[in-house]
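In this note's numbering, the protein residues as written are 58 to 273. Yeah, the Cβ is synthetic: ideal placement off N, Cα and C, and Gly gets one too.
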């Protein structure tokens with residue numbers, strides 16, 4: 058089997074937001090929608106203060122609570138672990154947004170553009186199917202599927218890899234197959250200590266955060 062997953066090395070992320078910009082450019086999301094966000098956090102008390110940048114978005118959970126509450130079966134989980142939304146089935150009830158503990162879902166009822174009137178680029182890339190429905194990070198599933206059809210390897214070949222991973226200037230993000238022990242993400246998880254966000258909820262996030270070397 059295949060289980061696509063992403064890792065974020067919190068020691069490397071510099072908070073530049075390049076992943077956010079790459080995601081917006083690739084997916085043509087509205088100005089107020091960020092499928093890939095970077096949270097700026099501080100810990101400790103002066104003078105012992107630490108700062109960390111945390112990339113967040115859809116966690117592509119093993120047991121996604123958003124799917125359980127969807128009354129129209131618009132939210133589905135593929136065999137490879139990617140959680141998707143069928144815009145043709147979504148009724149815009151936003152139950153999934155309420156159920157998601159990661160605040161990863163958005164609903165845009167009215168088209169909005171960066172400078173009021175749409176630019177030529179925004180006109181070309183505007184997708185009316187995304188209005189009044191739930192949207193979120195897809196791990197750039199269209200790139201993954203198209204790459205696999207061409208014999209490319211997601212996480213290794215840029216054309217088959219999520220845009221945010223390709224754009225990361227600090228190599229903080231990685232993508233690959235967790236079921237392959239030799240994949241980049243599997244090796245990173247072996248060599249480093251890691252955690253998953255709100256892991257105590259039992260959702261089984263497919264997004265892992267690296268924070269220190271493994272004690273091996």
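In or out: residue i buried (at least 16 other Cβ within 10 Å) or exposed?
{"i": "residue 255", "result": "exposed"}
{"i": "residue 66", "result": "buried"}
{"i": "residue 81", "result": "buried"}
{"i": "residue 259", "result": "exposed"}
{"i": "residue 130", "result": "exposed"}
{"i": "residue 87", "result": "buried"}
{"i": "residue 63", "result": "buried"}
{"i": "residue 178", "result": "exposed"}
{"i": "residue 105", "result": "exposed"}
{"i": "residue 262", "result": "buried"}
{"i": "residue 233", "result": "buried"}
{"i": "residue 101", "result": "exposed"}
{"i": "residue 204", "result": "buried"}
{"i": "residue 252", "result": "exposed"}
{"i": "residue 103", "result": "exposed"}
How about residue i and residue j: do their beta carbons lie closer than 9 angstroms?
{"i": "residue 222", "j": "residue 231", "result": "yes"}
{"i": "residue 269", "j": "residue 250", "result": "yes"}
{"i": "residue 266", "j": "residue 95", "result": "no"}
{"i": "residue 162", "j": "residue 123", "result": "yes"}
{"i": "residue 132", "j": "residue 153", "result": "yes"}
{"i": "residue 61", "j": "residue 238", "result": "no"}
{"i": "residue 271", "j": "residue 242", "result": "no"}
{"i": "residue 58", "j": "residue 236", "result": "yes"}
{"i": "residue 140", "j": "residue 121", "result": "yes"}
{"i": "residue 107", "j": "residue 119", "result": "no"}
How many whole angstroms separate the CB atoms of residue i and residue j, which I take to be in contact at a CB cut-off of 8 angstroms?
{"i": "residue 142", "j": "residue 192", "result": "7 angstroms"}
{"i": "residue 225", "j": "residue 75", "result": "6 angstroms"}
{"i": "residue 93", "j": "residue 227", "result": "Between residue 227 and residue 93 the Cβ distance is about 15 angstroms, and since that is not below 8 angstroms, they are no contact."}
{"i": "residue 85", "j": "residue 184", "result": "7 angstroms"}
{"i": "residue 83", "j": "residue 220", "result": "4 angstroms"}
{"i": "residue 97", "j": "residue 72", "result": "6 angstroms"}
- Task: Write down every uninterrupted run of the beta strand (DSSP E) in the region 188–237 whose length is 3 residues or greater and which is fully enclosed by it, in chain order.
- Result: 230–234
- Query: Using 8 angstroms as the Cβ pair cut-off and three pairs as the minimum, do the region 157–170 and the region 184–200 touch?
  - Reply: yes
- Does the count of Cβ pairs from the region 155–166 and the region 108–123 closer than 8 angstroms reach three? Enough Cβ pairs lie closer than 8 angstroms, so yes.
- Message: In chain order, what are the residue ranges of uninterrupted beta strand (DSSP E) at least 3 long that sit wholly in the region 65–123?
- Response: 94–102, 105–113
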